[in-house]
Amino acid sequence: MAEQPKKTGYITPAGYQKLATEMDHLTRVERPKVVQEVSDAAAQGDRSENAEYIYGKKRLREIDRRLNFLQSRLDAVQVVDPLDQKSRDTVFFGATVTIEDENGKRSTYVIVGEDEIDTSGGRISYKSPMAQALIKKKVGDVATVRRPAGEIDVEIVEVRYVRIT
46 MAEQPKKTGY
56 ITPAGYQKLA
66 TEMDHLTRVE
76 RPKVVQEVSD
86 AAAQGDRSEN
96 AEYIYGKKRL
106 REIDRRLNFL
116 QSRLDAVQVV
126 DPLDQKSRDT
136 VFFGATVTIE
146 DENGKRSTYV
156 IVGEDEIDTS
166 GGRISYKSPM
176 AQALIKKKVG
186 DVATVRRPAG
196 EIDVEIVEVR
206 YVRIT
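The opening position of the sequence shown corresponds to residue 46 in our numbering, with each subsequent residue numbered one higher.
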(Lines of atoms letter the chains of each structure in order from A and count residues from 1; the text may use other names and numbers.)
(Lines give C-alpha, C1' and ligand atoms only; values in the text may rest on other atoms or scores of the structure.)
Protein backbone atom coordinates (compact mmCIF):
# COMPACT_ATOMS: atom_id res chain seq x y z
CA MET A 1 0.00 0.00 0.00
CA ALA A 2 1.37 3.44 -0.96
CA GLU A 3 2.35 5.73 1.87
CA GLN A 4 0.35 8.96 2.14
CA PRO A 5 2.48 12.10 1.69
CA LYS A 6 3.11 14.01 4.89
CA LYS A 7 1.02 17.18 5.12
CA THR A 8 3.39 20.10 5.70
CA GLY A 9 1.12 23.12 5.54
CA TYR A 10 -2.39 24.49 5.49
CA ILE A 11 -4.55 26.01 2.78
CA THR A 12 -8.13 27.22 2.58
CA PRO A 13 -10.59 25.46 0.25
CA ALA A 14 -10.51 28.52 -2.06
CA GLY A 15 -6.71 28.48 -2.16
CA TYR A 16 -6.67 24.76 -2.92
CA GLN A 17 -9.22 25.25 -5.68
CA LYS A 18 -7.16 28.05 -7.22
CA LEU A 19 -4.05 25.83 -7.40
CA ALA A 20 -6.08 22.87 -8.72
CA THR A 21 -7.70 25.08 -11.39
CA GLU A 22 -4.29 26.37 -12.52
CA MET A 23 -2.99 22.81 -12.72
CA ASP A 24 -6.02 21.69 -14.71
CA HIS A 25 -5.64 24.64 -17.13
CA LEU A 26 -1.95 23.91 -17.68
CA THR A 27 -2.65 20.20 -18.20
CA ARG A 28 -5.71 20.43 -20.44
CA VAL A 29 -5.18 23.69 -22.33
CA GLU A 30 -1.72 25.22 -22.17
CA ARG A 31 0.51 22.14 -22.40
CA PRO A 32 -1.35 20.51 -25.34
CA LYS A 33 -1.28 23.84 -27.20
CA VAL A 34 2.48 24.22 -26.73
CA VAL A 35 3.09 20.57 -27.64
CA GLN A 36 1.24 21.16 -30.92
CA GLU A 37 3.26 24.33 -31.57
CA VAL A 38 6.52 22.46 -30.94
CA SER A 39 5.38 19.63 -33.22
CA ASP A 40 4.50 22.11 -35.98
CA ALA A 41 7.84 23.88 -35.57
CA ALA A 42 9.74 20.57 -35.65
CA ALA A 43 8.04 19.68 -38.93
CA GLN A 44 9.62 22.77 -40.53
CA GLY A 45 13.03 21.13 -40.60
CA ASP A 46 16.30 22.23 -38.97
CA ARG A 47 15.58 22.50 -35.25
CA SER A 48 18.91 24.02 -34.24
CA GLU A 49 18.04 27.43 -35.70
CA ASN A 50 14.25 27.22 -35.38
CA ALA A 51 13.24 29.90 -32.84
CA GLU A 52 9.66 28.62 -32.51
CA TYR A 53 10.93 25.12 -31.73
CA ILE A 54 13.54 26.32 -29.23
CA TYR A 55 11.09 28.67 -27.49
CA GLY A 56 8.37 25.98 -27.44
CA LYS A 57 10.68 23.44 -25.81
CA LYS A 58 11.68 26.05 -23.22
CA ARG A 59 8.00 26.84 -22.55
CA LEU A 60 7.24 23.12 -22.16
CA ARG A 61 9.98 22.81 -19.53
CA GLU A 62 8.50 25.82 -17.67
CA ILE A 63 5.00 24.32 -17.78
CA ASP A 64 6.27 20.93 -16.58
CA ARG A 65 8.21 22.58 -13.73
CA ARG A 66 5.07 24.47 -12.68
CA LEU A 67 2.94 21.32 -12.91
CA ASN A 68 5.44 19.44 -10.71
CA PHE A 69 5.41 22.29 -8.20
CA LEU A 70 1.60 22.48 -8.14
CA GLN A 71 1.28 18.71 -7.70
CA SER A 72 3.77 18.69 -4.82
CA ARG A 73 1.96 21.61 -3.14
CA LEU A 74 -1.47 20.02 -3.55
CA ASP A 75 -0.11 16.77 -2.09
CA ALA A 76 1.61 18.53 0.81
CA VAL A 77 -1.12 20.82 2.12
CA GLN A 78 -4.03 20.10 4.41
CA VAL A 79 -7.26 21.88 3.47
CA VAL A 80 -8.75 23.73 6.45
CA ASP A 81 -12.09 25.48 6.10
CA PRO A 82 -12.26 28.57 8.35
CA LEU A 83 -15.97 27.89 8.91
CA ASP A 84 -15.08 24.57 10.57
CA GLN A 85 -13.14 26.26 13.40
CA LYS A 86 -14.76 25.30 16.70
CA SER A 87 -13.62 28.27 18.76
CA ARG A 88 -15.05 31.40 17.14
CA ASP A 89 -13.46 33.83 19.60
CA THR A 90 -9.86 32.59 19.32
CA VAL A 91 -7.45 33.27 16.46
CA PHE A 92 -6.56 30.22 14.40
CA PHE A 93 -5.89 29.47 10.73
CA GLY A 94 -8.49 31.12 8.51
CA ALA A 95 -9.43 33.83 10.99
CA THR A 96 -10.13 37.39 9.90
CA VAL A 97 -8.57 39.46 12.68
CA THR A 98 -8.86 43.18 13.33
CA ILE A 99 -6.11 44.61 15.50
CA GLU A 100 -5.21 48.00 16.89
CA ASP A 101 -1.56 48.92 17.33
CA GLU A 102 0.10 51.14 19.97
CA ASN A 103 -0.64 54.23 17.85
CA GLY A 104 -4.35 53.53 17.54
CA LYS A 105 -4.12 52.35 13.92
CA ARG A 106 -6.51 49.52 13.04
CA SER A 107 -5.67 46.82 10.52
CA THR A 108 -7.46 43.68 9.41
CA TYR A 109 -5.69 40.50 8.38
CA VAL A 110 -6.85 37.14 7.10
CA ILE A 111 -4.60 34.27 8.19
CA VAL A 112 -4.11 31.96 5.20
CA GLY A 113 -1.67 29.43 3.74
CA GLU A 114 1.65 30.28 2.16
CA ASP A 115 0.23 29.88 -1.36
CA GLU A 116 -2.51 32.45 -0.68
CA ILE A 117 -0.50 35.42 0.59
CA ASP A 118 -1.64 38.83 -0.66
CA THR A 119 -0.27 41.51 1.64
CA SER A 120 -2.02 44.32 -0.23
CA GLY A 121 -5.30 42.44 0.34
CA GLY A 122 -4.53 41.79 4.00
CA ARG A 123 -3.88 38.06 3.54
CA ILE A 124 -0.91 36.92 5.59
CA SER A 125 0.69 33.52 6.01
CA TYR A 126 0.03 31.61 9.21
CA LYS A 127 3.83 31.40 9.45
CA SER A 128 4.34 35.19 9.37
CA PRO A 129 5.49 36.98 12.55
CA MET A 130 2.15 38.81 12.78
CA ALA A 131 0.08 35.62 12.50
CA GLN A 132 2.35 33.74 14.90
CA ALA A 133 1.84 36.48 17.49
CA LEU A 134 -1.94 36.43 17.03
CA ILE A 135 -2.61 32.68 16.99
CA LYS A 136 -4.38 31.38 20.11
CA LYS A 137 -5.22 34.92 21.28
CA LYS A 138 -8.75 36.20 21.92
CA VAL A 139 -10.53 39.54 21.61
CA GLY A 140 -9.02 41.96 24.15
CA ASP A 141 -5.69 40.12 24.34
CA VAL A 142 -2.48 42.00 23.58
CA ALA A 143 0.08 40.30 21.36
CA THR A 144 3.70 41.29 20.89
CA VAL A 145 4.78 41.11 17.26
CA ARG A 146 8.49 40.64 16.65
CA ARG A 147 9.48 42.27 13.37
CA PRO A 148 12.71 43.59 11.83
CA ALA A 149 11.82 47.18 12.79
CA GLY A 150 11.39 46.14 16.44
CA GLU A 151 8.63 44.78 18.61
CA ILE A 152 5.16 46.26 18.60
CA ASP A 153 2.16 45.47 20.79
CA VAL A 154 -1.23 45.02 19.14
CA GLU A 155 -4.63 44.47 20.72
CA ILE A 156 -7.09 42.09 19.15
CA VAL A 157 -10.30 43.99 18.48
CA GLU A 158 -12.31 41.43 16.49
CA VAL A 159 -12.07 37.80 15.36
CA ARG A 160 -14.33 36.47 12.61
CA TYR A 161 -14.48 33.33 10.54
CA VAL A 162 -15.94 33.76 7.07
CA ARG A 163 -15.76 31.88 3.79
CA ILE A 164 -12.57 32.95 2.02
CA THR A 165 -12.94 33.41 -1.71
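Ideal Cβ positions, reconstructed from N, Cα and C, are used throughout, including at glycine.
**Request:** To the nearest angstrom, report how far apart Ala176 and Thr143 are at their CA atoms.
**Result:** 12 Å
**Prompt:** So is Leu128 buried or exposed if we call it buried at 16+ other beta carbons inside 10 Å?
**Reply:** exposed
**Prompt:** Going by DSSP, what residues sit across from Asp198 in a beta bridge?
**Reply:** Partner(s): Thr189.
**Message:** Checking the sheet assignment: what are the DSSP bridge partners for Arg5?
**Reply:** This structure gives no information on residue 5, because the portion of the chain shown stretches from 46 to 210.
**Message:** Here's a check: name, in chain order, each residue in its chain whose Cβ is nearer than 7 Å to the Cβ of Arg168, leaving out the five neighbours to either side.
**Reply:** Val155, Val157, Glu161 and Ile162
**Asked** What residues in its chain sit with their C-beta under 8 Å from that of Leu112, if we drop five residues either side in the sequence?
**Response** Met68, Leu71, Thr72 and Arg76
**Request:** Look at the Cβ atom of Leu105, then the Cβ atom of Tyr61, and state whether they are nearer than 9 Å.
**Result:** no
**Prompt:** In chain order, what residues of the same chain lie with their CB nearer than 6 Å to the CB of Ile192, ignoring the 5 residues before and after it?
**Reply:** Reading off the sequence, residue 192 comes out as Arg, not Ile. Cβ within range, chain order: Pro174.
**Prompt:** First and last residue of the alpha helix (DSSP H) that includes Gln116?
**Reply:** Ala96 to Ala121
**Coarse secondary structure for Lys63, derived from DSSP in three states** = helix
**Rounded Cβ spacing between Val122 and Ile56 (contact assumed at less than 8 Å)** = Confirmed, about 4 Å.
**Item:** Own chain residues within Cβ distance below 7 Å of Val190, not counting five before or after
**Value:** Pro174, Met175, Ala178, Glu196, Ile197 and Val199
**Request:** Please list, in chain order, all residues of the same chain as Phe138 whose beta carbon is under 7 Å from its beta carbon, the five residues on each side excluded.
**Result:** Tyr55, Val125, Ile156 and Tyr171
**Asked** Taking the continuous alpha helix (DSSP H) assigned at Ala140, which residues delimit it?
**Response** Careful: Ala140 lies outside any alpha helix (DSSP H) and carries neither H nor E.
**Cβ pair Ala59, Arg208 closer than 9 Å** = Taking the C-beta atoms as reference points, Arg208 is found nearer than 9 Å to Ala59.
**Request:** Note the first and the last residue of the continuous beta strand (DSSP E) segment covering Arg151.
**Result:** Arg151 to Val157
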